[in-house]
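Asker: Residue numbers (full-length UniProt numbering): 1 to 312. Don't be surprised by glycine CBs; every beta carbon is placed ideally from N, CA and C. Attaching a single structure in structure tokens format; questions to follow.
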């Protein structure tokens with residue numbers, strides 16, 4: 001057995017902000033992918049995935065019991081397949097902010113959900129919100145509270161524009177210009193990050209009035225502007241807002257930035273050769289970078305593992 005492929009995602013803008021109703025923009029990233037597979041002879045990694053799927057199946061039964069109207073699955077087939085050695089074969093790194101659990105959730109929903117909303121039907125805002133709600137509940141198994149956006153992105157394989165928590169739509173983004181010097185890139189921090197502890201730090205900070213006001217008046221303001229600029233393809237305005245956003249994150253989200261990157265972050269703001277921001281919840285994994293001249297950025301970031309994900 002081998003199921004269809006589900007891809008990783010990159011939340012270009014909106015990390016932390018979307019918890020408080022900022023805009024967000026999430027795009028599929030086809031470099032990493034995963035699929036459900038079955039095998040009689042499982043490797044250690046596959047065995048670990050199979051064990052996790054067994055627990056996940058139990059969790060899904062509990063969701064169904066608590067809220068039968070939300071979603072139901074073909075539990076008989078799911079359990080039989082798990083017992084037969086099913087696992088999630090994935091190249092998506094875990095703890096890197098690119099949606100490893102999201103792809104798994106999308107794959108399970110696609111194969112086992114009853115009365116599922118398919119990607120071929122007319123996806124109204126109501127249907128998208130319903131999918132997001134279902135996926136949020138499902139993905140909570142992996143890291144506490146989930147917005148459901150990662151699985152939604154993986155399931156639809158389309159860019160998703162988040163206008164607010166209850167207003168999301170699939171969108172188009174400007175076509176890549178492969179000859180262009182501008183680029184969005186991933187920088188490997190060399191360590192994994194855990195989502196739950198980072199969100200915990202954020203929630204603690206939200207108790208301070210100063211932090212709440214910074215979030216609303218600076219972080220969300222610049223995030224919203226970046227989303228609008230990116231979707232419109234207004235590169236000049238985008239980089240002005242990115243610089244501000246990068247600055248706000250360095251000043252206010254230090255615990256989420258691995259310590260050895262603080263200086264590099266500052267260097268980008270000072271030289272304008274690149275701007276860094278969080279990719280997902282931070283704490284490790286990937287850091288997201290934006291540059292108007294990828295050759296300059298590569299030179300400046302020599303010795304670091306850099307992966308271009310979008311050219312403009």
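1. So residue 186 and residue 82 are supposed to be a Cβ contact under 8 Å. How far apart are they, rounded?
2. In angstroms with no decimal places, state the Cα-to-Cα distance between residue 9 and residue 236.
3. Cβ atoms of residue 135 and residue 56: under 7 Å apart, would you say?
4. Indicate whether the contact test is met: 3 or more Cβ pairs, each with one atom in the segment 47 to 55 and one in the segment 120 to 129, closer than 8 Å.
5. Cβ atoms of residue 97 and residue 304: under 7 Å apart, would you say?
6. Which value, in whole angstroms, describes the spacing of the CA atoms of residue 212 and residue 290?
7. According to DSSP, is residue 289 part of a helix, a strand, or is it coil?
8. Residue 239 lies in the alpha helix (DSSP H); which residues open and close that run?
9. Could you spell out where the alpha helix (DSSP H) holding residue 35 opens and where it closes?
10. If I follow the unbroken beta strand (DSSP E) through residue 7, where does it start and stop?
11. Taking C-beta to C-beta, are residue 13 and residue 223 nearer than 7 Å?
12. Bridge partners of residue 169, per DSSP?
13. Taking residue 33 and residue 5 to be in contact with their CB atoms under 8 Å, please state how far apart those CB atoms are, rounded to whole angstroms.
14. Check whether the Cβ atoms of residue 313 and residue 19 sit closer than 7 Å, and answer yes or no.
15. Tell me which same chain residues have a C-beta within less than 6 Å of the C-beta of residue 265, skipping the five on either side of it?
16. State the start and end residues of the unbroken beta strand (DSSP E) segment that holds residue 256.
17. With distances taken Cα to Cα, identify the nearest neighbour of residue 164 among 227, 67, 174, 108.
18. How should residue 273 be labelled, buried or exposed, when 16 other C-beta atoms within 10 angstroms of its C-beta is the threshold for buried?
19. Ends of the beta strand (DSSP E) at residue 189?
Answerer: Based on what the coordinates show:
1. Not really, about 33 Å apart at Cβ, beyond 8 Å.
2. 25 Å
3. no
4. no
5. Contact flag unset, no.
6. Cα to Cα, the separation comes out at about 26 Å.
7. strand
8. 235 to 252
9. Taken as a continuous stretch (DSSP letters only), residue 35 belongs to no alpha helix (DSSP H), being part of the beta strand (DSSP E) at 24 to 38.
10. 6 to 13
11. yes
12. DSSP, once it has assigned bridges, lists 161 as partnering residue 169.
13. 5 Å
14. Any property of residue 313 remains undetermined from this structure, which presents the chain solely from 1 to 312.
15. 250, 276
16. Per DSSP, residue 256 belongs to no beta strand (DSSP E) and is neither H nor E.
17. 227
18. buried
19. That residue, residue 189, is in no beta strand (DSSP E); it is neither H nor E in DSSP.
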